[in-house]
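Chemist:
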Amino acid sequence: MTTGTSTGTGAATQPDIYSPDVYAVAPPHEAFAELRRTEPVYFQEMDGEPGYWAVLRHADVVHVAREPVLFSASEGGVVLENLDPVNLEMMRNMLLAMDPPRHVDYRRPLSPSFKARVIGKLEDRIRTICREIMDRAAGQGDVEFVHEVTAHLPSQVIGELMGLPREDWPTIHHLAEMQTSGQDADLVAENSDYIAASGQQASIDMAMYAIGFATRRRAEAPREDLTTLILESDFGGHPMSDIDFGSFFVQLVTAGNDTTKTMLSSGLHALLTHPDQLAELRADPSLIGGAVEEILRWANPLHYFRRTASADTAIRGVPIKAGDKVAMYYTSANRDEAVFNDPQRFDIHRSPNPHLSFGIAEHYCLGVHLARLEGRVFFEELLATFPTIELTGAPVRTRSNLNNALKRLPVRLSR
Ligand code: HEM
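FYI, the numbering for the sequence shown is 3 to 417, going by this note's numbering.
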């Protein structure tokens, strides 16, 4: 074990909240609850590299997110593992890992396209796509819900928004999944047609695809899609280079794909294991919007994002040194008893529901309105199409300490 730049209290008996093996079984909600009480800014060791400060309370996650200069997304990127220089450089070209003022320059041109009113116009199109997905699934009856049902919605929506050729959607989808499944040998093996040994390689492959795509699109007439918007916008006084576009594309496509897919599959699982609440939704579909928020809180698709302290500071009195890794644990903050009543309980009526599943402040999810719309319309169409939905086997979780996802959810859909 290597000790971080700051020494913590990580004795052998301390809970391990890093190990992907832990998350393959279930998120460590009990350990989080105990630590929120006893050690809410908790030092977690990592093998072979410095460990990190896990920030577990809602208020402290908000504090870290609201100080983007003190807690930099760019310095060490947003994942816990230190990246090699090529991958760190690539990550720094993603909006997610930019610091002010560059972050503002890159986010501003995109924001109007993601506003609630603009995204709201996609509702009919999203409903059509959902109906096609439900029709195909109805023909099958017994499905592996993650790959055969949920995966199609976000990859088609983001594919259409970006203007990607339809024949490339499966490739893009596989690469997106690879990037977020690098810790799961099973998923890496399943996608070995890309011979991508790790999530990092998949990011590079996708960026290469994007660079080729940008070159082709620059040679064509502008279209009404996000690709034209990005290629024609001014980002802090200059257009985006093809290499910048590559990283940017990777983030947009990955962010919009796997998280949404996870919201849909974990959401169905939550409803199937709370049949009384599922029955309520069937009786009154106007409750679906609130149910989607509770799905996001209770089964948040991303466990954490990382920052790096740019100066010596303290969180809740715990000294943090410049250069230390700091992880904002959404999974813990979303169940903070100081904010949520009976936080371990899944409750579609929870209101207000100030979960942090989309982050908060500077980096607040750009796709939040799109994700919510996809969630609501998907569940409206799913429940309207299938009066009976049953689990036909045990769900299997992805082995990942970042993605809080199911990789298999076998169900029977009956009309
Ligand atoms: C349920 C689905 C989704 C979840 C849970 C989610 C979650 C998040 C979170 C937690 C962040 C904040 C990162 C931080 O603070 O460092 C974020 C940022 C971002 N998300 Fe999402 N996201 C979802 C869907 C989407 C979709 C559909 C898109 C786009 C099509 C998208 C695009 C982005 C972008 C571009 C950022 C970076 C924003 C910035 O750094 O300024 N996301 N997302």
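Just so you know, even glycine gets a beta-carbon here, dropped at the ideal spot from N, CA and C.
Could you say which of Q346, Y332, V328 lies nearest to F360 if we only look at CA atoms?
Modeler: On the sequence shown, residue 360 is found 358 positions in, with the first residue counted as 1. With distances taken between Cα atoms, F360 lies closest to Y332.
Chemist: May I ask you to list the residues that DSSP assigns as paired with F45?
Modeler: Taking the sequence shown and counting its residues from 1, one reaches residue 45 at position 43. Answer by DSSP bridge pairing, in chain order: W55.
Chemist: Count the C-beta pairs between the segment 101-118 and the segment 128-135 that are closer than 8 Å, then say yes if the count reaches three, no if not.
Modeler: Below 8 Å, too few C-beta pairs join the segment 101-118 and the segment 128-135 to call them touching: fewer than three.
Chemist: Among A28, Q46, I350, whose alpha-carbon lies nearest the alpha-carbon of Y20?
Modeler: Against the sequence shown, residue 20 aligns to sequence position 18. Per the Cα distances, Q46.
Chemist: For the ligand HEM, is there any heavy atom lying closer than 7 Å to the beta carbon of V148?
Modeler: Along the sequence shown, read from residue 1 onward, the residue named residue 148 stands at position 146. Incorrect: V148 has no Cβ contact closer than 7 Å to the ligand HEM.
Chemist: Can you check whether the CB of L375 is closer than 8 Å to the CB of I121?
Modeler: Taking the first residue of the sequence shown as position 1, residue 121 is located at position 119. Taking the first residue of the sequence shown as position 1, residue 375 is located at position 373. Yes.
Chemist: The ligand HEM: which residues have Cβ under 6 Å from any of its heavy atoms, chain order?
Modeler: Spelled out in chain order, the answer is A67, A75, V80, L97, L98, R109, I160, Q253, L254, A257, G258, T261, T262, M265, P303, L304, F307, S359, F360, G361, H365, C367, L368, G369, L372, A373.
Chemist: Mind reading off the beta-carbon distance from L177 to L228? Whole number of angstroms is fine, and I expect it under 8 Å.
Modeler: Position 175 of the sequence shown, counting from 1, holds the residue named residue 177. Position 226 of the sequence shown, counting from 1, holds the residue named residue 228. Their Cβ separation, rounded to whole angstroms, is 18 Å, which puts L177 and L228 out of contact at 8 Å.
Chemist: In whole angstroms, give me the CA-to-CA distance for P1 and T315.
Modeler: Absent from the model: residue 1. The displayed extent of the chain is 3 to 417, so no value can be given.
Chemist: Measuring CB to CB, does Y54 end up less than 8 Å from K327?
Modeler: Within the sequence shown, residue 54 is the residue found at index 52, counting from 1. Within the sequence shown, residue 327 is the residue found at index 325, counting from 1. Yes, these two residues count as a Cβ contact at 8 Å.
Chemist: Return helix, strand or coil for S115, following the three-state DSSP convention.
Modeler: Taking the sequence shown and counting its residues from 1, the one referred to as residue 115 is at position 113. Note: S115 maps to helix in three-state DSSP.
Chemist: Under DSSP, the alpha helix (DSSP H) around F247 begins and ends at which residues?
Modeler: Position 245 of the sequence shown holds residue 247. Run containing F247: 244-274, per the alpha helix (DSSP H) assignment.
Chemist: Assess, as a yes-or-no matter, whether the segment 139-156 is touched by the segment 216-235 under the definition of 3 or more beta carbon pairs within less than 8 Å.
Modeler: no
Chemist: Would the segment 61-70 count as touching the segment 204-223 if we require 3 or more Cβ pairs under 8 Å?
Modeler: Too few Cβ pairs lie closer than 8 Å, so no.
Chemist: Figure out for me which residue from F380, V320, A293, G291 has the closest Cα to the Cα of L58.
Modeler: By 1-based counting over the sequence shown, the position of residue 58 is 56. When each option's Cα is compared against that of L58, the closest is V320.
Chemist: Say whether the segment 295-303 touches the segment 384-397, bearing in mind that this needs 3 or more beta-carbon pairs closer than 8 Å, one atom from each stretch.
Modeler: Short answer: they don't touch.
Chemist: With a threshold of 8 Å, are at least 3 pairs of Cβ atoms found where one atom belongs to the segment 64-83 and the other to the segment 92-108?
Modeler: yes
Chemist: In this structure, what does DSSP give as the bridge partners for V320?
Modeler: For the purposes of this step, residue 320 is taken as residue 318 along the sequence shown, with counting starting at 1. DSSP output for V320 lists I317 as bridge partner(s).
Chemist: Please state the DSSP three-state secondary structure of S21.
Modeler: The residue you call residue 21 lines up with position 19 of the sequence shown. In the structure shown, S21 sits in coil (DSSP, three-state: anything other than H, G, I, E or B).
Chemist: With DSSP collapsed to three states, give me the class of E222.
Modeler: For the purposes of this step, residue 222 is identified with residue 220 of the sequence shown, where counting begins at 1. Looking at E222 - three-state DSSP - the assignment turns out to be coil, as it is neither helix nor strand.
Chemist: I believe T400 touches D186 by the beta-carbon criterion, under 8 Å. Please report the beta-carbon distance rounded to the nearest angstrom.
Modeler: In the sequence shown, residue 400 corresponds to position 398, counting from 1. In the sequence shown, residue 186 corresponds to position 184, counting from 1. Sure, about 5 Å apart at Cβ, within 8 Å.
Chemist: Any idea which residues DSSP pairs F73 with across the strands?
Modeler: Translated into positions along the sequence shown, residue 73 becomes position 71. In DSSP, F73 forms a bridge with A311.
Chemist: For K323, count neighbouring C-beta atoms within 10 Å of its own C-beta (all shown protein chains included) and say buried if the count is 16 or more, exposed if not.
Modeler: By 1-based counting over the sequence shown, the position of residue 323 is 321. It counts as exposed.
Chemist: Pull up the distance between the alpha-carbon of R337 and that of H31, whole angstroms please.
Modeler: The residue you call residue 337 lines up with position 335 of the sequence shown. The residue you call residue 31 lines up with position 29 of the sequence shown. Distance between the alpha carbons of R337 and H31 is about 8 Å.
Chemist: Return yes when the Cβ of L280 is within less than 8 Å of the Cβ of I290, no when it is not.
Modeler: As a position in the sequence shown, residue 290 is number 288, starting the count at 1. As a position in the sequence shown, residue 280 is number 278, starting the count at 1. Cβ distance not < 8 Å, so I290 and L280 don't count as in contact.
Chemist: Is it true that the CB of N355 sits closer than 8 Å to the CB of S264?
Modeler: Within the sequence shown, numbered from 1, the residue matching residue 264 stands at position 262. Within the sequence shown, numbered from 1, the residue matching residue 355 stands at position 353. Here residue 264 is Thr; the residue named in the question, Ser, does not match the sequence. No.
Chemist: Under 8 Å by Cβ, that's how I've got A67 and A340 pegged, so tell me the actual separation to the nearest angstrom.
Modeler: For the purposes of this step, residue 67 is identified with residue 65 of the sequence shown, where counting begins at 1. For the purposes of this step, residue 340 is identified with residue 338 of the sequence shown, where counting begins at 1. Not really, about 17 Å apart at Cβ, beyond 8 Å.
Chemist: What residue range does the alpha helix (DSSP H) around E83 cover?
Modeler: Position 81 of the sequence shown, counted from the first residue, corresponds to residue 83. Here E83 belongs to no alpha helix (DSSP H), and DSSP marks it neither H nor E.
Chemist: Just to confirm before moving on: does the CB-CB distance between A204 and S249 stay below 8 Å?
Modeler: Translated into positions along the sequence shown, residue 204 becomes position 202. Translated into positions along the sequence shown, residue 249 becomes position 247. No, they are not a contact pair.
Chemist: Roughly how many whole angstroms lie between the Cα atoms of D137 and F380?
Modeler: For the purposes of this step, residue 137 is taken as the residue at position 135 of the sequence shown. For the purposes of this step, residue 380 is taken as the residue at position 378 of the sequence shown. Cα-Cα distance, rounded: 13 Å.
Chemist: Tell me whether T229 sits in a helix, a strand or coil according to DSSP, three-state version.
Modeler: Walking along the sequence shown from the start, residue 229 turns up at place 227. Helix.
Chemist: How would you label K123, buried or exposed, when you count the other beta carbons within 10 angstroms and need 16 or more for buried?
Modeler: One-based indexing of the sequence shown puts residue 123 at position 121. By the 10 Å Cβ count, K123 comes out exposed.
Chemist: Cα separation between S416 and F388?
Modeler: For the purposes of this step, residue 416 is taken as residue 414 along the sequence shown, with counting starting at 1. For the purposes of this step, residue 388 is taken as residue 386 along the sequence shown, with counting starting at 1. Cα-Cα distance, rounded: 5 Å.
Chemist: For S353, is the classification buried or exposed, using 16 other Cβ atoms within 10 angstroms of its Cβ as the cut-off for buried?
Modeler: Taking the sequence shown and counting its residues from 1, one reaches residue 353 at position 351. Counting Cβ neighbours within 10 Å, S353 comes out exposed, since fewer than 16 surround it.
Chemist: Going by the CB atoms, is the gap between I391 and L266 shorter than 8 Å?
Modeler: Sequence index remark: in the sequence shown, residue 266 carries index 264 (1-based). Sequence index remark: in the sequence shown, residue 391 carries index 389 (1-based). No, the pair does not count as a contact, with Cβ atoms beyond the cut-off.
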